[in-house]
Structure formats: structure tokens, C-alpha cells
Amino acid sequence: MSRPLRSFIKPQFIALALILLLNWILFPGFFNLFFRDGRLYGSLIDVLNRGAPVAILAIGMTAVIATRGIDLSVGAVMAIAGAVAATMVGDGHPLFLVIMAALAAGLVCGLWNGSLVALLGLQPIIATLILMVAGRGIAQTITEGFIVTFNDPGLIFMGSGSILGLPTPIIIMVTLAALATAAFRLTALGLFVEAIGVNRSASTYAGLRSRALLIGVYTFAGFCAAISGIIAAADIRGADANNVGLWLELDAILAVVIGGTSLMGGRFSIPMSVVGALIIQAMNTGILVSGFPPEFNLLVKAALIIVILVVQSPLAGRIWYFIAPSRKRPPPSSPAETPATSTEGTLK
Amino acid sequence: MNVRYWPLIATITIFVVAYALAVMQFPALFSTRVLGNLLTDNAFLGVAAVGMTFVILSGGIDLSVGSVIAFSGVLVAVLISQFGLHPLAAFAITLFVCTCFGSTMGAMIHYLEVPAFIVTLAGMFLARGVTFLLTQDSIPINHAFYDWVRQFYYVMPGGGRITFNGGLMLIVFLVGIVLAHRTRFGSYVYALGGNAQSAALLGVPVARTTIGVYAVSSFLAGLSGIVYSLYTSSGYPLAAVGVELETIAAVVIGGTLLSGGVGFMFGTLIGITIQGMIQTYIVFDGTLSSWWTKIVIGGLLFGFIVMQRVIVAASKRDWRKKPYAQSAPSL
Amino acid sequence: QSGLEGMTIGFSQIGSESGWRAAETSVTRQQAEEWGVNLQFSDAQQRQENQIRAIRSFIAQDVDAILLAPVVATGWEEVLSEAKDAEIPVVLLDRGIEGPEDLYLTSVASDQVLEGRVAGEWLVDAVAGEDCRVVELQGTVGSSPAINRKQGFEEAIAGADNIEIVRSQTGDFTRAQGKQVMEGFLRAENGGADICALYAHNDDMAVGAIQAISEAGLTPGEDILVVSIDAVPDIFTAIAAGEANATVELTPNMAGPAFEALAAYLNDGVEPEKFIITESRLYTAEDDPEGEAERRRGLGY
Amino acid sequence: MPEPVLSAAHIDKSFLDNKVLDDVGIDLMPGEIHALLGENGAGKSTLIKILTGAYTHDAGTILLDGKPVHPRDTKHAQEMGVGTVYQEVNLLPNMTVAENLYIGRQPLKFGLVDNRKMERDARALLSRYQLNVDVGSQLDTYSVAVQQIVAIARAVDISGKVLILDEPTASLDQHEVEVLFGILQRLKADGLAIVFITHFLDQVYEIADRATVLRNGRRVGSRAMADLPRMDLVTMMLGHAIADTHALRIGGGRQPGGLFASFKDYALAGKAAPFDLDLHEGEIVGVAGLLGSGRTEMARLLFGIDRPDSGELTVKGKPCKLREPRDAIALGFGFAPEDRKVDGILGDLTVRENIAIALQARQGWTRPLSQKAQVDLADRFVRALDIRTTGIEQPVKFLSGGNQQKVVLARWLATNPKLLILDEPTRGIDVGAHAEIIRMINSLCDQGMSLLVISSELDEIVAYSSRVLVLRDRAISGELRGAHISVGAIVKMIAMQPEVQDA
Ligand SMILES: Nc1ncnc2c1ncn2[C@@H]1O[C@H](COP(=O)(O)OP(=O)(O)OP(=O)(O)O)[C@@H](O)[C@H]1O
Ligand SMILES: Nc1ncnc2c1ncn2[C@@H]1O[C@H](COP(=O)(O)OP(=O)(O)OP(=O)(O)O)[C@@H](O)[C@H]1O
Ligand SMILES: [Mg+2]
Ligand SMILES: [Mg+2]
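The following block contains the structure:
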């Protein structure tokens, strides 16, 4: 599809730029990068590195949300995968097996969610809430409540190693994002997922296997959660079943929505979700380096989110559209594309 | 038998059955004491859940309730203990602030056309953040008025108490039911949840309703915070973390569709009680480790919801001409 | 130990948010075994209302005594007076509460402010007058350990104006956050060169931070002194490896003294003293860290 | 000549760079029925949305009783006495029929909604339309037709001065239409000004006094129906003349080919009584019946959306089972549903994707249609069906009603099916395209495709059917073949139905 030029000046990038700029003002050394024993260091790298787990969650979450669903269990799934990895590596299993087992755990969790949604027809939020609650329990039964630590270099490499001078998580994030995007866009999967999200009934009439597809996306989300679970565990060299990924599902969802995928399903973009995750992390890193007292963290976060909202809101979109030089291309959601005619009425 | 009542009936049946089963295991559960506690301990949840029901019926969601509860509790405590205001004055101020907060969120959702999920998520951070600015430590409230309020309780046969809080929750639910099912505002809320566009074309005041819904939700969250402060006679900035999800769950267990437009206020009351039951059951069992606690809660949740689905599905077999478009994912 | 055989005692625990918490739970279970007590355990998942609910149910089940590890200091009067009316003795674990003292039999707790002070005093001695810029990893904002341990530490270094806290951020008592926040500190304090010491409100955060420090190419324990609180096994391993310098013990064995007090009270009506303060002992490399680590392994950390 | 009640002048409206109304005006006299005509996408719906405050206009004036008004929103318009039925049934599927009728103006008692009175009023109101449904049950339990009537009843009830109906008869059968026209005549006598949008010219000539014609967002003119011959009108609308479709009579003579699919005593409790149905290649089977007669239910069974309680299906002699639409599609079936909004279009997706989706679904996700293939496909059908759009990348929800219908048709034609089931295929389609589609149906059939067409428009059925089934009470009550097929015969067969009052 011929991409209109406008679509490269997305508001998300404006938001990201704004926040990075802000960080730089608060902490002049923000953009400094330096290279030591074969690895890049610097706040920017931290943003990417620390953003990776949420970004990876967001990749899976994007597909789920595109089908008009939501997955609250990803945090818990992270815990399960981490627990599996840590305990198995502790029992001296080979790394390959460990990773496979952890990923398998994630897939099973996703399969479970998917079945609840697609076969039993439960509402996604409640279906995944079940695993969100129980999942941590399961993870803790695996670790028996301890923080299971390990020092298997292979597994640790997943979290704090580096490839081509970049931390492993960044590499994993980029690869996964690329592969996922390809898988959805080079096949018809992307179209099918969007169709189901837009109108499941019509999609079924058109001959889509909506059940299978739904199960598929939730399984994929579980898979992504497992990956970031492994990374999180590897990062601290231990499985902290109770705290890993706590409330991260919200960040992931936030990332997806900031990335421009609607919670009402339909159009989705995995790369933009990753950008969304980086926006969030840039925010957090900024808070860390800025040196505000911690009781301000939430306020700052709230304020920034509100700013992003305003920047991205259709209202701003309209204004931007009218000041923009070329009136050729409609902004993401212009009055015309906003069928809620009432808002048109109220916006006189 | 009107088809719309099935989810509700299902929920009630399941609750009764489950309670019976629990009593068989722990006869002690069958006492007005336990029932009284069920009301008292869930009062603040219930009050908040009424607001959440309106939000969800309108097709939205409000993640800020937990933080608003904490905020209101702390603000009340600060106003009373540090500024020496009379509790009633403190309540008035707090409720006013919370309502404004909610209206603002509603306005942003409507006029900026941003998803409620995100706006209220920001609201969640904001409220909690402001709470931390007010105080980091928990503040006790020692005021004659609080002790005075506490004397109001009705002792049921068997020694169970319906406390002021418990009673208040029931009243709020009554008001909620009337507001939802017997007023124009209520019908507007359902309309919005059914199909916002059509609602607009039918002349439903979308802006007013949206703002109203979130105002109500935050008002009730504020009230719930006050209930919480009466419950613990203190304000605690870390109180009610994650309560938003608990209330959402209660609403949905109560048979309300998250996609909006379908459900009953009364169902939410059942939903709340079911969750209370689960907690109480766990405590009575008393053998579960920390992690098994979580697993069992999840398991019971699963059990309830699946049973509900089964009953509803059975009733639904051939009543509807075509699948319900609005709720595509939750057919 | 004898005197409580066959009795039913309810234990309302906060949750299982940290290694230390898990240890306290399992120690309590072990103690219950030894005393032949039938323990009714309830995990409140960090929620006061769940704890209140638990206590109410304990009363409804009419247990012989109640152990309560309060998630927060305030808001217990109503429910505890209900317990009082039902003549069920309540023992508070690891944290005191505000309100009338006659609501509970006794409180077995550490002095959180003291813990902070001990850590601070150690640092004061350790740097011996040299200038020292300290970074602080706080616990969860608003939680009482965070508040008290901060206060105690600040009291201790108040005298020494060569020591100042230059950065303080919350690490939510977790390793992951501890590591991430420490990374931020290191970036902001010119690669860590300007940091002389780290004070963490619990060991888990310290352990995370240590990883961050070594990944940043510095040697924890030398380039940056590390002092923290709780004395969990992993920190002893770190001390043994020279990566951490000191930790202040917070014993997970609160139940032992509690059961003693209860036995004395229930059998021969001896009123125990109101506040049983557990020792806040300082451990450094001198105190046989490997041994300490081993000794604690069994406790379910 | 009296003052116009409502008059709009020099109305301009563009959606971004797509100018859809250009200097349009219309005058509504009290006590007249004013037809608003034009091709699909001419701008009719947009114009009335502007008149009723659903959209804002870029330029122009609206006078109500000679005074300029600026309807803020639809509520405001309603308060000014303008009642409207928008094109797509815009009601609330999740609320009861009664609530849909009275939302925003429920009768109050002590400040609370008086449900009992509301339902009483609702029943009374609907009885005027001879629709006796349970007003207490959810709207989406009823067919489009019923919903359409409810929408009309509501609009009529709130319109004090002006009543605007955008394709109200699209999903009504003859009987319902007569009932509606009776009511319109009465309202007209009461001095109401009525705007009536439709693509059924017969209806226009039957009821309208005057007609305003739009083409491509411009006003072609307003004429009294009395001195406006049919051909002139069509020419006004299309800009060129076409052969009158009602003249041509093609289906009858056709010789059907071999047996394609045969359904043996198919049945689903409460939906369809047991029926046998043989469909031959190169045959068009028309299905007629009153609304609620179960035509759609039958179609849903044939396409595997509902599973039958009993019955066998054999396709080309091989026994088959239909578990879900996929299976039917795999056998070469296609189905253009009646309710395009709910079961048809994928609103947020582009015209291209909407056309390609069914074909793609059949190919499976591993073998995606190339971008080029999709574009070609879309372009071909946009041209063939003359779909009015700013481009194949326009989200389909922004297309006009009729054009959306064409997109759904295109989707199925793209799969070139062996059996095509069409439920009200020409609903909301303009005369030009109507002729076009009927011609297409025929040519498809000549290429050996087998079609089953449900339609409430009997002329149409007569025009192409080689066989006509008449449904009554969810059962096939009769069949007409070849020469016997005529509107009269069909009406007679339907009218044997006891339920039908008057006539
Ligand atoms: N919200 C919108 N955004 C962009 N374009 C629109 C929108 N609504 C309508 N249009 C365009 O305006 C033109 C007129 O649409 P309209 O619905 O008024 O046609 P119509 O005369 O009602 O056709 P039909 O007879 O099929 O209903 C169409 O080409 C359509 O694509
Ligand atoms: N006049 C009516 N009174 C009551 N119910 C009706 C009426 N018309 C339709 N229905 C409802 O609609 C359903 C049948 O509609 P359906 O669409 O299957 O029939 P149809 O012949 O296809 O009518 P349509 O003209 O709408 O296509 C039935 O379930 C019935 O409940
Ligand atoms: Mg139209
Ligand atoms: Mg039909």
C-alpha cells in the first residue's frame, strides 16, 4: 500500500522526541553514549534495554487488542516462565531445554486464555484475570516462595549479555518485532486479525476461522510474555515470582494504545506499539536520572501521559491538519473519519 | 421469562449453590455473623462497584477508583486530624474534589476522544501521586464523630451485625438500582453502551452522560474512601491498591458485559458478595499457603464464571436471531 | 516447648512480597509445629481489609489466639476490640500499631528506626570522616519500613556532615527495581565515580543494585560501599564475596517469642511485657558470612 | 402558495477534500410529501444529516418557519419538531423496543421512569403499524424489518413539523409499505412536511407530491411529480437514460442445468419447518414472503450459519455437512446477508480489503493475495458495480449505504461461487445500479452459477427468477415456475396467509 508521507510524522514520534528532550534538559548527560568492554552504555541504551520487556509484552498484546481483546495475565505469565527457567537451570538442565520449557509454559498459558475466550466465550478481561490472579500462585508454587537464584552464564546472557555491543534484550526485542511484523504483514494473518477485531460476525460470514485465530493470538501473547519473563529473570539472576512483571500488563496495554491501536480492535501496528513502550520507558528512565524525590514519580508519569494524550488526540489531530501545509492527507482521525457524529456536533 | 435476566439469575443461583456447598464444609460459615461481616468488610468495595457498574454499562472503564479511594481516605484524615475540620465538613470537601476529578476525566474522554482506559490510567497515577504528596505515612483519625457513627449497627439474631458501613452500601446499591433502571440518566448510560453513534442520533446527550458517568464513579469512589476511613479510622496512602480490578471483576461476574449496555446493578451486588465469599472461604480453610491462596481464588473465580456461561448458554440456545454485534469478543 | 498443645491460633500474614516475608511465614509454621499448635494461616495479599476480614473470621471460628502482622500501623481499633470482647488474645508481629495498648497482649517487633540508625552508624564509622556521597534505595513509598528506616539512617548521619544523601529513589523492595534504579543513579552520578556508598532499605534491592554496579564496571563493596537491612542469605553470600559490606538483621523468628508469651499468658495468666523488641544486630565480613548464609538457608528465604 | 416549513439554501459540505454537497437547497412545504432522489452517493443522507444537526455544514442557511436555525445536535433538531429515520437503522440493539421508542422522553412518575405506562404507549404506537411484538424484549431479537418499523414509529411520534425518512421502505414488504403510506397520508393531511428518500420509483410516484433530485452532490432540480415522466426522472438522476428494468422479464424461459445442491428435509426447531430444496446450475430461485416469514432463517441454514436439527445436504451427488460458513464457502457457496451493518461490512477496513477478504479467507492465510492482485480485484469491481468512493483505500464505513451494499456483493462475486445466496441484494441500491445488478445476476446465471435470491421487491423477483418459492410461517408454502411467475400470482400465494389483515 502506498504509504502517505504524513504517516511518518506520527504523533508518537513527536511525543517520544518531547520526552527525550525533557530528559536532556533535566539531565544534560542523557544523550551521552560510551563504549566499554565491547558494549555500549548510556541512558539511551538503558531506555531501550529496560524498555525491552514491556515492548515484548506489547508485541503480543497488540495482536490481542487488535481482536478487540485484552490480556491481563501477561505479568503472571512472566512470573511462571521465569520460575520455570530458574528452577530448571538450578536442577542443571541444559540451557536449550530450559528456554524451551519456559517458552512452552508461556504457550500453554496463552492457549488456556485463548480457549477461555474463543471456546467458552468468556469476556477477555475476566478470562485473563483468572490467570492473572492464579498465575503468580502457580509461579510461587514452582519456586516454593523463594527467590530462586542462579548463575548459569548462558541464562544470564539473556538478560545482561550483549551482542554486537548491544544488550541482548534489545536484540531480542528488535528481532521479535521484526519477525512478528513479517508474520502478520507478509501473510494474510494481519488482515484476518483486523477483520475479526472490526466485526467478528461479518468475519465469520466471510469464512474466517475466528475461533482458531483468537486462540492463536492469545497463545502468541503468552509466548511473548514468556520471553520477557526469561529476560526479567535473567536480568536479576533469579526468579522473583511475587514481584516480576507486577502491574506490567497495564504498561503493556498503555504502550499498545499509545502506539495507536484502538482498544475497540481493528487496525494495529506492532512497531508503533514498541515505540509506545519506549515512550513509557523514556518516561521512567527520565524520572530516575532527573533526581526527583520518589513521591513525585506517579505525578510526573500522570502529567506526561496526559500530555501524550493531548498531543495524540483527534482534536490535536484536527488542529494539526488545518495548520499542516499539505491538506492532501487526512490526519489519523479527522472529523470525517470520526463517525461519532455527535462529537462533530459538539465541536462547532 | 425475559431473556435479559438470565445472566443475573444464573449468578444468583450459582451464589446460593456455592454458599450451600461452603456451609456443608464449614458449618460456622452459616451464621448471621459471617453475613454481617460479609457486608461490613465489602462495604467500600461495594460502594465503588456501583460506580464502576455505571461506567462499564456506558461502555467505558475506570481504573482510577482504587487510587481515588486511597486519596479520599487520606484527604479526609488530613482534613480532620491536621486541619481539625469536622468530619462532615471534610466529607463534603472530599466528595466535591473527587466529583470534579471524575468530571474532568469524563470531559477528557469525550472531548479529546481518547480511550477511557488511558485517561483513567493517568487518573490512577495522578490520584495516588497526590495522595503521596498529602502524606506518606498513614494517619490515624481519632474523632468523637467516628466513634459516634460506629455505634449505629443493627444486631441480627445470631449476633451478626449490620454496621453503618454495611447499611450504607446497601443504600447506595438501592439508589444505584433506581438510578440505573428507573431514570432517564440510566437509560442514557445503557444507550451509550449499546451504540454511541445511534445514541447520538437518537438525541441522547452524549457529552453530559459521559461526564456524568465518570463523575458518579469518582464520587462513589470518594464515598468508598470515606467508608474505608470509617472502617479503619485512618487514612493510608497505599490503601486499596488494585481495587479497580476487583470491582471490575465483581461487575463482570455480576453478569454485566464489559462491552457495555448489558447488565444489572443488582448483579454487581451478587458479584461483590461472591468475591467476599471466596475470601472468607479461604480464611476459614486456613491451611492454604500464600501461593495456594492465589491459585484457589483464581480457580473459584473460574468455576463461577464458567458455571454462569453454561447456564446462560443453555438459556440462550435459540432466542436471538443473530449474534450480538456489540459484544463480538464475548459472544 | 509446651503449653500450647492442640490450641488453634490464627495467623494473619501480610503476604509473600519478599524473601524475608516468606521466611517469617515458614519460621512461624515451624514454630507452630514445635509447639504443637494448629495454625490457621491467612495471606492478606498486602490488603488491610483482608487482614481485618481474616481476624473477624478467626473470631467467628473462635480461635484461642491471634497472631497479626499488620500491613499498616493504623486502623485496627474496631476489629481488635471485637477480638477483645471475644476474649481472644492478639499478638502483633514485626510491627507495632497505633491505638490503645490494651487492644493487644504484646507486640513482638523490631525497631525499624533503630535498624536504619544502626546501618547509618556503621557507615559513619566505615568512612571515618572522609566525604561520602550516599545514594539511597527506598522501600515502597508510603510503607512504614521505608519511612522509618529512612528516618533512622538520616538521624545517624545527621551528626556527620561529611556524609550526605545525594540521590534517593524507590526500588519497591524488589531486586529488579533495585537494579534498574541503581543503573539510573550510576548514569546520573557520572558513571558511579561520584558515589561512595549505597544504602538500601532491604537486601533484595541491594542484591539487584550490586549487579548493576558490577555491570557498570565498578567493584561493589570497594568502589561503592553497600549497606542494607534484613540479613537474608543472599546478602551474606555477597558479603562473603566482598560485594556487600554490612547488613542489619531483622529476625524472621517473631513467632517464637510470641508463642512463649502466649503460653505463659494462657496457662498461668502472666501478662508479658507490652513491647518485645527483637535485636537489630549488625553483620559484616567479620561475622562469618558463609556460616550465617548456611544457617539461614533452611528458613525458607 | 404557503411559506415553506423548512428550507435550506446553498448548503456546502466536504469531508476533508471530498466535496459531497455543493450549493444544494431544498424547500419543504407544509402538507407535502417531498421525495429526495439521487444515485447512491449523491449526497441525500448527508443533506438530511445536516438538516437534522447530525453533521455541521460548511456553508449555507437553514430556515425553519422562515427563521434561521442552527441545529446544534440531533436532540436540538428533535426539540424543534424535526423527526428523522436515518438510513441505517440507528437504534439501540441492547435496549427494549419500548425504550428505543421513548428514550429521552420517557413518561415520568414522581421523577422516575414509568415503565408500565411507557410499554402501554409503545404497544399502542406500534399497533398502528400492525406490528404486535413484545415491546419489553430486546430490540436485536427482531429482524431488520421490525427494527425499521420501530424507527419509523419513533420518528413519526416526535415529528411536530417535519418528518424525514431515509430509505424507510428498504426492508419492508408490500403490506408494511401500504401501512406506512396510509400513515404518511394521514400526517400529510395534518400539515406535516415529509421528506421521503427511496430508490423505489413506483413508491415515489405512488405517494410523493414533489421530488428534488441530487447528482454528485449538486441539485439537479425540483419538480412536481405530476408533470415528471418516469424516464425524465431517471435521466435527471443518472444523467442518462436506461432501459426500464421492470419491462424486462428474463428468468422464465431459462433452461436450468444439472442438479448442484440438494437439501433434504432440512429443519431447525423454531426457525424453519422441514423443507426440501434442489438448486440447479444456471437457475435463479427467488424467495418471496412477508417479513418474519423466515426467509433469512432459511438462508442462514443453507449457508451453515445455523446448524440444522435434521436433514442432509448433497452437493453434486456427494453428501456434505455444514458446520460453519467456512464449510459452505469451501463447497463454493456465497452469502450476502440482509443486515449489512452487522453481518456484512468490515467498517474500518478499506474497500479493497472488504472485497478481497472472502477470497483470501478461502485461500487461507499462508497464501496472501499480492497487493497488486487485491488492487486489481478491487478496481475491477469498483468499476463493474460503479461503487462511488474516493478510492479503494477509503474505509468502507464512509461509503454511502448503497455503495456499501455493492461492496458486500463484490466480496462474494470475487470468489466466483457456484451457489450465491442473496438476502435483499438490491436493498438501498439506485435504479442505475439496480438494473446493473439484475443484469449481472442474469449473466452469472447464464455462466452456470446457481442463485437463491431473497427479496421483498416482487417485480424484481419476477424479473429474474426461473422459479419462485413463497415462504409463510417459516415453511415453504408454495412454488411458481416459468410462465406462472407473476407479481399477481405471488401476492395471491402470500395473501392466502390468514394473518394478513385488510389488504
Ligand atoms: N463520514 C464520511 N466521511 C467521508 N465521506 C463520507 C462520509 N459520509 C458520506 N461520505 C461520502 O459522501 C457521499 C454521499 O454520501 P451519502 O450517504 O449522502 O449518499 P446517499 O445519497 O445517501 O447514497 P445512498 O443512496 O447509497 O444512501 C458518498 O460518496 C460518501 O462516500
Ligand atoms: N411482524 C413481525 N412480528 C413479530 N416478529 C417479527 C415480525 N417480523 C419479523 N419478526 C421477527 O423476525 C424474525 C424473522 O425475520 P426474518 O428476517 O428471518 O424473516 P424474513 O422473511 O427474512 O424477514 P425480512 O423481511 O426481515 O428478511 C423472527 O424471528 C421474528 O421474531
Ligand atoms: Mg443514504
Ligand atoms: Mg430477512
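Residue numbers (this note's numbering), protein chains in the order written: chain A, 1006 to 1353; chain B, 1055 to 1385; chain C, -2 to 298; chain D, 69 to 571. Note that beta-carbon positions come from the ideal geometry of N, C-alpha and C, so glycine has one too. Since the structure is predicted, the reported quantities are computational estimates derived from the model, not experimental observations.
Residue i at chain A interface by Cβ criterion, 8 angstroms
{"i": "E1167/B", "result": "yes"}
{"i": "I1302/B", "result": "yes"}
{"i": "V585/D", "result": "It is not possible to answer for residue 585/D, since the shown part of chain D is limited to 69 through 571."}
{"i": "Q148/C", "result": "no"}
{"i": "Q215/D", "result": "no"}
{"i": "S165/C", "result": "yes"}
Short CB-CB distance (under 8 angstroms) between residue i and chain C
{"i": "I1152/A", "result": "yes"}
{"i": "S1165/A", "result": "yes"}
{"i": "L1199/B", "result": "A small fix is needed here, since residue 1199/B is Phe in this sequence, not Leu. No, F1199/B does not count as interfacial toward chain C."}
Which of helix, strand or coil DSSP assigns to residue i
{"i": "K299/C", "result": "For chain C, the structure presents residues -2 to 298; residue 299/C sits outside this window and is missing."}
{"i": "D128/C", "result": "coil"}
{"i": "I262/D", "result": "strand"}
{"i": "A356/D", "result": "strand"}
{"i": "L74/D", "result": "strand"}
{"i": "E392/D", "result": "coil"}
{"i": "L1196/A", "result": "helix"}
{"i": "E156/D", "result": "coil"}
{"i": "R1215/B", "result": "strand"}
{"i": "F1040/A", "result": "strand"}
{"i": "T599/D", "result": "This structure cannot speak to residue 599/D, because chain D is shown only from 69 to 571."}
{"i": "Q(-2)/C", "result": "coil"}
{"i": "A1246/A", "result": "coil"}
{"i": "V1184/B", "result": "helix"}
Bridge partner(s) assigned by DSSP for residue i
{"i": "A106/C", "result": "I274/C"}
{"i": "S1288/B", "result": "P1194/B"}
{"i": "I221/C", "result": "P217/C"}
{"i": "N471/D", "result": "Paired residue(s): none; N471/D is not in a bridge."}
CB-CB length for residue i against residue j, believed under 8 angstroms
{"i": "T1107/B", "j": "G1142/A", "result": "Their Cβ separation, rounded to whole angstroms, is 28 angstroms, which puts T1107/B and G1142/A out of contact at 8 angstroms."}
{"i": "T1067/A", "j": "S1208/A", "result": "That pair is no contact at about 18 angstroms."}
{"i": "M1297/B", "j": "L1149/B", "result": "Sequence check: residue 1297/B is Val here, not Met. Not confirmed; about 18 angstroms, so no contact."}
{"i": "A241/C", "j": "I192/C", "result": "15 angstroms between Cβ atoms; not a contact."}
{"i": "L1077/A", "j": "E1254/A", "result": "5 angstroms"}
{"i": "V499/D", "j": "L269/D", "result": "6 angstroms"}
{"i": "A258/C", "j": "A1082/B", "result": "Not a contact, Cβ separation roughly 27 angstroms."}
{"i": "V1119/B", "j": "G1105/B", "result": "7 angstroms"}
Closer than 8 angstroms to chain B by CB, residue i
{"i": "L180/D", "result": "yes"}
{"i": "D40/C", "result": "yes"}
{"i": "K1306/A", "result": "yes"}
{"i": "V229/C", "result": "no"}
Residue i beta carbon near ligand 6 (any heavy atom closer than 7 angstroms)
{"i": "T1072/A", "result": "Judged by which ligands are present, ligand 6 is missing from the structure shown, whose ligands are ligand 1, ligand 2, ligand 3 and ligand 4."}
Contact with chain D by residue i, beta-carbon distance below 8 angstroms
{"i": "A1367/B", "result": "no"}
*asked:* Give the residues whose C-beta lies closer than 6 angstroms to at least one heavy atom of ligand 3, in chain order.
replied: K112/D, S113/D, Q155/D, D234/D, S468/D and G469/D
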